[in-house]
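Numbering (the numbering used here), first residue to last: 9 to 128.
Virtual Cβ for every residue (Gly too), placed ideally from N, Cα, C.
In what follows, a single structure is set out as structure tokens and then discussed.
Structural data, given as structure tokens:
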């Protein structure tokens with residue numbers, strides 16, 4: 009049985025395309041400290057081998073963002089980064105990942121005097 013699907017547009021994430029009738033993608037998230045590069049790469053590769061189409065990694069700090077360069081060099085998995093509450097790290101992580109996830113609800117809490125359009 010195929011699940012009911014709403015019309016969507018196609019979006020590329022690394023080597024896959026989601027939406028617009030493409031197969032539903034499986035995403036999972038690492039449970040490691042991102043700065044522990046060996047553990048993170050090991051978990052990324054294990055998740056990809058188990059069938060994850062996209063693997064999400066949490067980034068909470070500049071140190072985590074810096075670790076992504078080596079993580080990217082050591083795996084070919086489609087990587088999504090979860091910026092948690094720090095949208096300012098987007099420029100640092102963008103060259104090393106296929107997708108950036110940020111909860112827009114967090115935009116309100118940071119730099120309240122700035123309009124949200126200036127934050128994205």
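query	result
Can you tell me whether DSSP reads residue 100 as helix, strand or coil?	helix
Pick out whichever of 105, 87 and 30 has its Cα sitting closest to the Cα of residue 11.	30
By DSSP's criteria, residue 35 is part of a beta bridge. Which residues make up the other side?	62
Would you grab the beta carbon distance between residue 88 and residue 62 for me? Rounded to a whole angstrom, and I think it's under 8 Å.	5 Å
Indicate whether residue 26 and residue 19 have their beta-carbon atoms separated by less than 7 Å.	yes
For the candidate residues 69, 95 and 73, whose alpha-carbon lies nearest to that of residue 126?	95
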